[in-house]
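Residue numbers (the working numbering): 12 to 158.
Note that beta-carbon positions come from the ideal geometry of N, C-alpha and C, so glycine has one too.
Here the structure is a predicted model, which means the values were calculated and not measured.
Quick notes on the structure that follows.
Structure, rendered in structure tokens:
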């Protein structure tokens with residue numbers, strides 16, 4: 012297991028950042044489970060995340076701000092302070108940064124201009140089209156896998 016490669020770095024610039032973040036996060040969670048760190052303390056998970064996420068995303072991490080603790084006033088319960096050492100908080104901050112940057116018009120352009128490459132199998136081509144259609148928000152027009 013010590014030879015297990017971490018997920019590829021998260022590329023911030025260009026394309027569908029929301030999709031890349033979701034895929035990175037999925038691979039990161041698999042990686043944590045594979046190396047036996049999914050039950051680790053938050054500080055360790057954050058350290059692993061920041062190690063594998065790459066330099067571009069580390070720069071984004073440095074811009075995050077965290078909410079201070081709020082005392083209970085009346086009925087609402089007190090809110091604990093957010094910190095950079097809480098894995099769920101850091102993941103949420105990255106999600107907030109990445110998800111709004113999805114450009115549906117661009118994603119549809121990419122889908123509609125996709126051309127089957129020379130030597131590319133029809134299975135590979137249709138699989139790529141199905142993957143690309145997921146970020147296009149086609150709704151009921153989106154292809155469903157065969158059941």
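Alpha carbon to alpha carbon, what distance is there between residue j and residue i?
{"i": "residue 149", "j": "residue 35", "result": "23 Å"}
{"i": "residue 104", "j": "residue 90", "result": "17 Å"}
{"i": "residue 168", "j": "residue 54", "result": "Residue 168 lies beyond the residue range present for the chain, which begins at 12 and ends at 158; the question has no answer from this structure."}
{"i": "residue 100", "j": "residue 76", "result": "11 Å"}
{"i": "residue 48", "j": "residue 129", "result": "43 Å"}
{"i": "residue 151", "j": "residue 133", "result": "23 Å"}
{"i": "residue 42", "j": "residue 14", "result": "12 Å"}
{"i": "residue 73", "j": "residue 46", "result": "26 Å"}
{"i": "residue 56", "j": "residue 84", "result": "33 Å"}
{"i": "residue 32", "j": "residue 80", "result": "28 Å"}
{"i": "residue 51", "j": "residue 127", "result": "44 Å"}
{"i": "residue 142", "j": "residue 58", "result": "31 Å"}
Hey, out of the options, whose CA is closest to residue i's CA?
{"i": "residue 144", "options": "126, 124 and 119", "result": "119"}
{"i": "residue 95", "options": "78, 84 and 107", "result": "78"}
{"i": "residue 44", "options": "21, 22 and 16", "result": "16"}
{"i": "residue 137", "options": "64, 125 and 146", "result": "125"}
{"i": "residue 122", "options": "92, 93, 56 and 140", "result": "140"}
{"i": "residue 30", "options": "74, 52 and 114", "result": "114"}
{"i": "residue 60", "options": "26, 82, 50 and 102", "result": "102"}
Using 10 angstroms around the beta-carbon of residue i, count the other beta-carbons present and answer buried if the total reaches 16, otherwise exposed.
{"i": "residue 68", "result": "buried"}
{"i": "residue 24", "result": "exposed"}
{"i": "residue 7", "result": "This structure cannot speak to residue 7, because the chain is shown only from 12 to 158."}
{"i": "residue 28", "result": "buried"}
{"i": "residue 12", "result": "With a pLDDT of only 46 at residue 12, under 50, the local geometry of the prediction cannot be trusted, and the value read off the model is given with reservation. Per the 10 Å Cβ criterion, exposed."}
{"i": "residue 158", "result": "Because residue 158 sits at a pLDDT of 46, beneath the cut-off of 50, its placement in the model cannot be relied upon, and the following sentence gives the value as read from the coordinates. Result: exposed."}
May I ask which residues mark the beginning and end of the alpha helix (DSSP H) holding residue i?
{"i": "residue 71", "result": "66–72"}
{"i": "residue 38", "result": "28–45"}
{"i": "residue 106", "result": "98–109"}
{"i": "residue 19", "result": "Element bounds for residue 19: n/a, residue is neither H nor E."}
{"i": "residue 141", "result": "133–144"}
{"i": "residue 121", "result": "115–123"}
Would you grab the beta carbon distance between residue i and residue j for me? Rounded to a whole angstrom, and I think it's under 8 Å.
{"i": "residue 71", "j": "residue 39", "result": "Contact flag wrong, Cβ pair sits at about 15 Å."}
{"i": "residue 63", "j": "residue 18", "result": "6 Å"}
{"i": "residue 65", "j": "residue 20", "result": "3 Å"}
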